[in-house]
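Residue numbers (numbering that gives the first Met the number 0), protein chains in the order written: chain A, 0 to 333; chain B, 0 to 457; chain C, 0 to 303. Ideal Cβ placement from N, Cα and C applies to all residues, glycine included. Read the structure below first, then the notes.
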Amino acid sequence: MSDRSSFFPLVRLTCVEIPRQPAVLLLTTTLIVFIGALPFLITHNLGEPGKLVRDSSLAMMFLGSLLLAVPSACNAVSSEIRRGTAGAILSKPISRMRFLIAKYLGVSAIMLVFSGMATLTILISDRAAARAFHPGWNFLIPLFLGVGLSYVLAALINFATGRPFASTAFWCLAAVLILVFLWTLAFPGGKEVRHEQHGDHTHEVEYAGQVVPVRWEIIPACAALTCAAFMIQALALLFALRLGVVPTLSACTGFFLLGLMSDYLLARRAADLIWARVLYHVMPNWQHFWLADALTAGGSVPWAYVGHAAGYALFWTLGILLLAMGLFDRMEVR
Amino acid sequence: MSRILPITLLTLRSILREKVALCMLALLAGVLFLLPSGLEGDGTLSGDVRMYIRYTLGFSALLMAGMTLWVSCASIATDLTNRRLHMVLTKPVSRWQLWWGKWLAVTILISILMTLSGMVTLWRVHQRVGEESLSEHDAAVIQQTLITARTPVDVPEKDFREEAVQEVKSRLESGWLPPGQMTEEEVILQAVLYLRTLEFSARAGEEASWTFALAQPVGEGELLQLGLAFDGTSMGMTSLQGTWVLGTPDAPDLAVIPITGSPSGTEVFPFNEQGEFDGATSITARFTLDGEEGRMVFFKPATGVRLYRPGGRFAPNLFRAVILYTGLLALLAALGVATSGMFSLPVACYVTAVFLFMQAFSGVVSEVIELESAALTREDIPAMERVLRETRVAAFKGIQLALRPLRLGQPLERVASGERIAPGEVAGTLGLRFLPLLSVTALVGGGLFLRREIGGAV
Amino acid sequence: MMSEEPIVYTQGLQKIFKDFWRRPRARAVDGIDLSLKPGEVYGLLGPNGSGKSTTIKVLLGLLHPDGGEVRVLGRPPRDVQVKSRVGYLPEESYLYPYLDARETLRFYAALFGLKGELREQRIDQLLDMVGLAHTGRRRVGEFSKGMARRIGLAQALINDPDLVILDEPTSGLDPLGTRQVKDIVSALAKRGKTILLSSHLLADVEDVCDRVTILYGGKVRASGPIRELLQMANNLQIKLGDLPDEKREELLTALEGVLGTRPDIEPTRRDLETLFLEVVAQARRETGEGSGTREEGELAGFLQ
């Protein structure tokens, strides 16, 4: 009974602790600012409005998940073991399995918030990138003001109450981003742009009173990436049990890169070489979660596919977590 | 110095004993030995070696930058977190000495690893070439085309503005409307970019030509090479087939080079093996793309079609590039140690990584400045938007200025393409650019570290 | 009258910890005056959070004072020259875990510019003094807390310092180690070294210190020679040797005549530390074993 009752406080503690690391706030802010800056950083659209912005921001989100997963997992597990706080917790009536699951859920909750923030920013940024050479300032200004506002708000709260700045700013950023997104929905401004063919040339024609629509199909693409992020999270947790930050980051980056290139590196050799076949099946294949191309080609991503991807991620995550549990169960904790 | 060395040795020892160096070596070994086995060249000796050089050097450069970032950022920050500095700083060691000691350790480590990766690359290249039983002639060709340093000759830069103005005018006359709210200047700028791209492209059935003016006439028996960086995939091509005809203005058809294969890549083709170009001061290159109408291939503007002349041996060139790149990493290490003295490890990593990231984006920065400056010539911009845009341009110019001293011209990439790096360039870059910048970074970083309190509570 | 410059001098020393907004959060040290004479053992006493460690960190130049005057060996504490004459043992031995004991001492010796034979000689003597000569290639990270304290003490003495600052020197040590540290402190004082010792273990301070200052809330609450502070003028004690029963009875009757009441009389008790040391010493003699430490707090040769 006490085992169960101590589970949620542990999840909550992890959720509270991770955003307190300034690096988490900095990473989140960079991601948002960078995705927001893409519409005016990427000036060409190669005839497909928003494609480059969408591709780059989804890639940033993917990479951001990896960069967030490693320090979070290390903070939640390896630092706790090194500091001896894990030992203190495990001396209480809580099993190792629950400890690890609680840590995973806590870290995943933060990852979910992170992915949510990235998704909202991509939705806003995509609308701002609808026209080549003319970033939609009516979307970008509220976004940047929102980022600034959440920092000011966090500073004020820190001044008045002494709450930690980093975590307050992280949560303020999450709340303000939702408000900014709702604002851009309510006050879209701008004009719709259509491409019309006149003889040899394509013209951009504006239609007053109409707006750049939200590309809701981005949400399933981001959801698939979030599933991948949960998988990376489990991997990071597994490595963090035994390794420090550098080796964990190296190992996760290795899995990340190999998983991304497994179609190129392994699939074509799988028919001839047994090791390539084994490795191809053992490596998680991140290509399943990369839907940016489908978004460009078909314009939409069916939720059923996302469901399949989620199932794949769940299968892997459970496997990795089981492995982690087996490892942790035998581990000596100071 | 007697106080700096113990700090340096201790830092190196910590890197070695805490298995960080082992981790680095394992990753580097992966890049140098495992990665090439996963890559598939075009099967030819030249293709394999080029691919090996390009990928191993490219990945080791990336890996080394990551390692430098991590080790330098950890150098002071972890000692502060673990409170080991409490003991060290109560000894007669100034914080400057500590700062330089840490920097020196990181620099020594990266120098060793960079030299190691350079040596392994060199060894593997020679090993791969040695595997083939080549005739004396083929061996000489390989020696001059592959394991060499070359001086590039580029097509002279052309000013497309006049042509662009004419192009826009003729388009407007034919009823074309510029998109949205583009100013005249923006439209012209687009036209310039368009014409520049066209200059370095070839359509199926049409001949594209370039002329190289040589400062020195072609020497007797001098092996020349045609270097190409091209991409036809954006036009949907899956393979490429065409013919290059090389010559001089007087004799335009001296050599024919048929090309076939991948629709994109970087290739080098040797010519003048029989000495038919000896004494030439100008060389023409014409290309005809085969296939049905509409097919198109783009060469990298300015450097996509170039002529290479022999410029020295590969090994010294590689090591000059390694020295240049190590210089950049040493500067990055200085930045890492500086941030490490001010912030915690993750924040130090973040700040240094942003710097690296901005470095990678310096090309985009220039482009944005160019486009924005053009857009600002429009008179009907609302006041608020003008302020915003002007601020943006100013900010980007600031970033550009800050990054300028670090623009290295990617030495490892240049070596991979066989380009010669002059010793003077190495000396000049290190002496005139890195040394002052290193001093400034050390002064600011060390100065801020000097003011920092150690062991404070609350 | 001879005027001797104090080894450590503070006048109205203040240290305030501030938050990000520069608002004072804690007044860790609030107007402390200290003056340490050469060759004395000075104790800084106080409960946790009373400002002892903060004061020491200011004296070492790690923290910057917010007010008052500080001089160590006649110079500002951040002066690098000062540090070459100071030895410091922090409250916890923050050591490089990947070095062994000898490498650790070699590193710290190198920071003092000690080289060659002299350095190795000092290291041998110090390792012998703190009883770690037998640890060989074992890494410091694997040491017990007591062993880490010992190596910490050794590094604090490597430069034969004039001023030794010991922050909680006996924390984590067994009674044998504690006794040994106390003996070392006394021996160093006899050699003319000045020692500033911070502790909340009162018995340790009482045993070795000449003068003490008691801090609370960052302020000096009591200060002076330890004998004077502990003296209770109206409470007397008579110490007697071994008395036969009839003599004892005679004495009690005589005292009853003088005082009017019959006083209590009890045999003298040893303290627990003495008993423990005696038992261990006896056990050692019987088994012929040693814990690796010297039985006496004998100083390293170069410190004598």
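With respect to the alpha helix (DSSP H) encompassing residue i, which residues constitute its N-terminal and C-terminal limits?
| i | result |
| --- | --- |
| Ala-25 of chain B | 19 to 28 |
| Asp-249 of chain B | Looking at the DSSP string, Asp-249 of chain B is not in any alpha helix (DSSP H), and its letter there is neither H nor E. |
| Lys-218 of chain C | Lys-218 of chain C -> not in any alpha helix (DSSP H); beta strand (DSSP E) instead, spanning 218 to 224. |
| Thr-196 of chain B | 183 to 198 |
| Glu-162 of chain B | 160 to 172 |
| Arg-178 of chain C | 174 to 189 |
Where does residue i sit, in a helix, a strand or coil, going by DSSP?
| i | result |
| --- | --- |
| Arg-268 of chain A | helix |
| Ser-49 of chain C | coil |
| Tyr-206 of chain A | For Tyr-206 of chain A, the pLDDT reaches just 48, beneath the cut-off of 50, and the residue's location in the model is therefore unreliable, although a value from the coordinates is still provided. Of the three classes helix, strand and coil, the one that applies to Tyr-206 of chain A here is strand, per DSSP. |
| Asp-18 of chain C | coil |
| Met-110 of chain A | helix |
| Ala-111 of chain C | Here residue 111 of chain C is Phe; the residue named in the question, Ala, does not match the sequence. Phe-111 of chain C: coil per DSSP, three-state reduction. |
| Trp-274 of chain A | helix |
| Trp-289 of chain A | coil |
| Gln-142 of chain B | helix |
| Val-154 of chain B | coil |
| Glu-292 of chain B | coil |
| Tyr-307 of chain B | strand |
| Glu-216 of chain A | coil |
| Phe-395 of chain B | helix |
| Ser-208 of chain B | strand |
| Asp-65 of chain C | coil |
Just to confirm my understanding: we take residue i, look at its own chain, exclude 5 residues before and 5 after, and list those with CB closer than 7 Å. What are they?
| i | result |
| --- | --- |
| Val-305 of chain A | Pro-219, Ala-222, Ala-223 |
| Met-63 of chain B | Ile-109, Leu-112, Met-113, Leu-328 |
| Phe-16 of chain C | Arg-24, Ala-25, Ala-27 |
| Arg-413 of chain B | Ala-320, Ile-420 |
| Glu-255 of chain C | Arg-261 |
Give the single residue among the options whose Cα lies nearest to the Cα of residue i.
| i | options | result |
| --- | --- | --- |
| Gly-70 of chain A | A:Leu-234, A:Asp-125, A:Leu-172, A:Thr-84 | Checking the sequence, you will find Pro at residue 70 of chain A rather than Gly. Out of A:Leu-234, A:Asp-125, A:Leu-172, A:Thr-84, A:Leu-234 has the C-alpha closest to the C-alpha of Pro-70 of chain A. |
| Tyr-95 of chain C | B:Thr-376, B:Phe-354, B:Thr-80 | B:Thr-80 |
| Pro-46 of chain C | C:Ala-253, C:Leu-200, C:Asp-270 | C:Leu-200 |
| Pro-301 of chain A | A:Ala-72, A:Phe-288, A:Phe-6 | A:Phe-288 |
| Ala-212 of chain B | B:Phe-318, B:Val-154, B:Val-364 | B:Val-154 |
| Asp-203 of chain C | C:Arg-22, C:Val-79, C:Tyr-41, C:Gln-13 | C:Tyr-41 |
| Leu-24 of chain A | A:Gly-135, A:Phe-164, A:Phe-255, A:Val-211 | A:Phe-164 |
| Ile-225 of chain C | C:Arg-268, C:Val-211, C:Leu-235 | C:Val-211 |
If you drop the 5 nearest sequence neighbours on each side, which residues of the same chain put their C-beta closer than 8 Å to that of residue i?
| i | result |
| --- | --- |
| Asp-328 of chain A | Arg-95, Met-96 |
| Glu-161 of chain B | none |
| Asp-166 of chain C | Lys-51, Ser-52, Ile-55, Tyr-87, Leu-88, Pro-89, Glu-90, Ser-197 |
| Leu-89 of chain A | Arg-95, Phe-98, Val-332 |
| Val-296 of chain B | Ser-200, Ala-201, Phe-229, Asp-230, Gly-231, Met-234, Met-236, Leu-239, Gly-241, Pro-262, Leu-288 |
| Cys-73 of chain A | Ala-235, Ala-239, Gly-243, Val-244, Thr-247 |
| Ile-453 of chain B | Leu-79, Leu-84, His-85, Leu-88 |
Tell me where the beta strand (DSSP E) around residue i begins and ends.
| i | result |
| --- | --- |
| Asp-161 of chain C | Unbroken run through Asp-161 of chain C: none, as it is neither H nor E. |
| Ile-31 of chain C | 23 to 35 |
| Tyr-349 of chain B | Tyr-349 of chain B -> not in any beta strand (DSSP E); alpha helix (DSSP H) instead, spanning 344 to 359. |
| Asp-230 of chain B | 223 to 230 |
| Leu-322 of chain A | Counting along the chain, Leu-322 of chain A falls outside any beta strand (DSSP E), though it belongs to the alpha helix (DSSP H) covering 302 to 329. |
| Tyr-259 of chain B | One detail in the question is off: residue 259 of chain B reads as Thr in this sequence, not Tyr. 254 to 260 is the extent of the beta strand (DSSP E) around Thr-259 of chain B. |
Between which residues of its own chain and residue i is the CB-CB distance below 6 Å, once the five residues before and five after are set aside?
| i | result |
| --- | --- |
| Thr-259 of chain B | Gln-240 |
| Glu-185 of chain B | Ala-373, Ala-374 |
Query raised in the report: Counting pairs of beta carbons, one from the segment 210 to 220 of chain A and one from the segment 293 to 312 of chain A, are three or more of them closer than 8 Å?
Result: yes
Query raised in the report: Would you say the segment 90 to 107 of chain B touches the segment 350 to 368 of chain B, given that touching needs at least three Cβ pairs under 8 Å?
Result: no
Query raised in the report: Would you call the segment 423 to 432 of chain B and the segment 65 to 81 of chain B in contact, with 3 or more CB pairs under 8 Å?
Result: no
Query raised in the report: Do the segment 213 to 229 of chain B and the segment 304 to 315 of chain B touch if we need at least three Cβ pairs shorter than 8 Å?
Result: yes
Query raised in the report: Taking one C-beta from the segment 26 to 38 of chain B and one from the segment 390 to 398 of chain B each time, how about it: are there three or more such pairs within less than 8 Å?
Result: no
Report task. Say whether the segment 36 to 44 of chain C touches the segment 60 to 67 of chain C, bearing in mind that this needs 3 or more beta-carbon pairs closer than 8 Å, one atom from each stretch. Result -> no
Report task. Could you tell me whether the segment 65 to 74 of chain C touches the segment 115 to 130 of chain C, using the rule of 3 or more Cβ pairs below 8 Å? Result -> no
Report task. Evaluate the contact criterion for the segment 13 to 23 of chain A versus the segment 166 to 182 of chain A: three or more CB pairs, one atom per stretch, below 8 Å. Result -> yes
Query raised in the report: Are the segment 105 to 115 of chain C and the segment 113 to 126 of chain B in contact at 8 Å, needing three or more beta carbon pairs?
Result: no
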